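Heads up, the sequence shown is in our numbering, so the first residue is 17 and it goes up one at a time. Cβ coordinates follow ideal geometry from the N, Cα and C atoms, glycine included. Note that the structure is a prediction, hence the values are computed from the model and not measured. To keep things clear, I will list the structure first and then write my remarks on it.
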Amino acid sequence: MNLNLNDKYFLVIGATRGFGRAIAEALIEEGAKVIAVARTAEKLEELKAMAPGQVEIIATDVTIPLEQERMLNFVGNFDITGAVINAGGPPAKSVLETKLIDWDNAYKNLIRWKIRISKKLAIRFMSLGYGRMLFIESVSVKQPLDNMALSNAFRVAMVGYVKSLSREVAAKGLTMNVLAPGYHDTGALDRVVKKKAYIRKTPPKDAKKGLIEETLTGKLGDPKQFASLALWLLSEHSGNITGQTISVDGGMTKGLFG
Numbered sequence: 017m018n019l020n021l022n023d024k025y026f027l028v029i030g031a032t033r034g035f036g037r038a039i040a041e042a043l044i045e046e047g048a049k050v051i052a053v054a055r056t057a058e059k060l061e062e063l064k065a066m067a068p069g070q071v072e073i074i075a076t077d078v079t080i081p082l083e084q085e086r087m088l089n090f091v092g093n094f095d096i097t098g099a100v101i102n103a104g105g106p107p108a109k110s111v112l113e114t115k116l117i118d119w120d121n122a123y124k125n126l127i128r129w130k131i132r133i134s135k136k137l138a139i140r141f142m143s144l145g146y147g148r149m150l151f152i153e154s155v156s157v158k159q160p161l162d163n164m165a166l167s168n169a170f171r172v173a174m175v176g177y178v179k180s181l182s183r184e185v186a187a188k189g190l191t192m193n194v195l196a197p198g199y200h201d202t203g204a205l206d207r208v209v210k211k212k213a214y215i216r217k218t219p220p221k222d223a224k225k226g227l228i229e230e231t232l233t234g235k236l237g238d239p240k241q242f243a244s245l246a247l248w249l250l251s252e253h254s255g256n257i258t259g260q261t262i263s264v265d266g267g268m269t270k271g272l273f274g
């Protein structure tokens, strides 16, 4: 299938690690042009070196309002057709381990910036009559994860936000969807493994094995396979899919609508 992404611009936030990096690289392979956003300039330069003519970069912290404006102004120089709203997760803690400052920080890092940026992008996409917006959250929106209280709470809030906004903008040619990954072979899994190992007083390799055993496939997810689904949702072929939250979890979610 030809996704028709060649020479189209896509914004990818959190583009230097994990799912963001996998999606950015997949877009490059499809001939798309990527506006890559992350905090670390050196990592962004590494990504740009892969395909200098296809990658524009901006090093910034999107949780800071002034930096959000700087990024949005930069993006305004390009006719983007899609955006990936993505960033790292909160610390692995149980509810009783958390302090109020943890909840304040999680709101800032998991919700506030996403709402501000996505609303502004949505207005722009609607003016163009076309746009694809994809949010990378977590399988915790379908099935709570032990010792991930902050993620369990705030990522569900993002799903409610995306569903609400998708209903307001669909008639204007904009789709908005959520991907909810389970355990994948990315650096973000380390904090979950370390927490599980600490609680069970087992070596990290045994803790990791326990996470894998929670899946039906018996393996960690491949970020490249995850990216292939993301690209389809970012393409013109996904025009009738909006307001959806799709699990990519190796079958670990036990609910009927997992």
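Give the single residue among the options whose Cα lies nearest to the Cα of residue i.
| i | options | result |
| --- | --- | --- |
| Q260 | V194, D118, L249 and E83 | V194 |
| V264 | L250, Q241 and W248 | Q241 |
| A31 | K221, A223 and T76 | T76 |
| P81 | G47, N125 and E46 | N125 |
| R148 | F273, G47, A246 and A42 | A246 |
| T114 | N163, L43 and E83 | N163 |
| Q84 | K109, F141, T233 and A54 | A54 |
| E229 | M268, K24 and V209 | M268 |
| G36 | L63, K24 and M17 | L63 |
| A165 | V172, V111, D120 and A204 | V111 |
By how many angstroms is the C-alpha of residue j removed from the C-alpha of residue i?
| i | j | result |
| --- | --- | --- |
| P68 | S254 | 28 Å |
| V78 | G266 | 31 Å |
| G34 | K188 | 31 Å |
| F94 | A223 | 45 Å |
| V175 | P220 | 31 Å |
| L144 | N20 | 18 Å |
| D118 | K109 | 9 Å |
| I215 | L43 | 39 Å |
| K49 | P239 | 20 Å |
| Y25 | K217 | 47 Å |
| L161 | R86 | 35 Å |
| A169 | P106 | 11 Å |
So, is the C-beta of residue i closer than 8 Å to a C-beta in chain B?
| i | result |
| --- | --- |
| I215 | No chain B appears in the structure shown, which is made up of a single protein chain. |
Using a Cβ-Cβ cutoff of less than 7 Å, which residues in the same chain neighbour residue i once the five nearest sequence positions on both sides are dropped?
| i | result |
| --- | --- |
| Y177 | I131 |
Keeping to the same chain, check which residues put their C-beta closer than 6 Å to that of residue i; ignore five residues upstream and five downstream.
| i | result |
| --- | --- |
| L27 | I51, V91, I96 and A99 |
| L249 | L150 and N193 |
| I262 | L195 |
May I ask which residues mark the beginning and end of the beta strand (DSSP E) holding residue i?
| i | result |
| --- | --- |
| S263 | T261 to V264 |
| V172 | Segment A165 to V185 is the alpha helix (DSSP H) holding V172; no beta strand (DSSP E) there. |
For residue i, which residues from the same chain have a beta carbon less than 8 Å from its beta carbon, with the 5 sequence-adjacent residues on both sides left out?
| i | result |
| --- | --- |
| I101 | I29, K130, I133, S134, M149, L150, F151 and I152 |
| K270 | Q159 |
Going by the CB atoms, is the gap between residue j and residue i shorter than 8 Å?
| i | j | result |
| --- | --- | --- |
| L60 | I73 | yes |
| L227 | Y199 | yes |
| A38 | A243 | yes |
| D206 | L236 | no |
| L190 | A122 | no |
| P197 | V155 | yes |
| M142 | V209 | no |
| G47 | N22 | yes |
| G274 | A204 | no |
| A57 | I127 | no |
How is the alpha helix (DSSP H) around residue i delimited, first residue to last?
| i | result |
| --- | --- |
| Y199 | Where Y199 is concerned, there is no enclosing alpha helix (DSSP H), given that its DSSP letter is neither H nor E. |
| A99 | Where A99 is concerned, there is no enclosing alpha helix (DSSP H), although the beta strand (DSSP E) it sits in stretches over I96 to I101. |
| G34 | G34 to E45 |
| A108 | Looking at the DSSP string, A108 is not in any alpha helix (DSSP H), and its letter there is neither H nor E. |
| R140 | W129 to L144 |
| A243 | P239 to L250 |
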